[in-house]
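Colleague:
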Amino acid sequence: MWCFSSNQNLADEGSLFPTPEVRDALVAGYFQHIYPLLPIISMPELLATYRNPAKPPPLLLFQALLMAGAHACKYLLIVNDRHGIKSMLFRRASLLYYIYYEL
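Quick note on this note's numbering: the sequence shown kicks off at 685 and runs consecutively.
#1: Out of A712, L744 and P723, which one is the CA nearest neighbour of Y781?
#2: Could you give the residue range of the alpha helix (DSSP H) that holds T733?
#3: In three-state terms, what does DSSP make of D708?
#4: What's the call for M727, buried or exposed, on a 16-neighbour Cβ count within 10 Å?
#5: In whole angstroms, what separates the C-alpha of A756 from that of K770?
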């Protein structure tokens with residue numbers, strides 16, 4: 685279905701991220717616009733792990749957060765191709781979910 689030869693290939697695809705500048709904009713978009721309405725993630729804890737490369741947030745959670753942030757992000761690159769960015773981030777989060785990456 686996904687045209688990958690193994691779960692490792694799927695995990696590799698799911699672990700890809702946008703550039704740090706775009707990531708920061710997506711995280712900010714999530715916490716500025718989505719989080720106030722649906723505060724299901726501990727903001728201080730997530731931001732602490734996001735800023736700590738030695739202990740990053742769970743990959744599936746972070747990909748899902750980036751996807752949610754893409755809905756409201758005002759960063760020009762996101763605004764110019766919001767549908768494409770959301771689709772890409774959804775695909776990455778879905779890949780991780782369907783291979784039970786976090787289990």
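Cβ coordinates follow ideal geometry from the N, Cα and C atoms, glycine included.
Modeller: On the basis of the data shown:
#1: L744
#2: M727 to Y734
#3: helix
#4: exposed
#5: 11 Å
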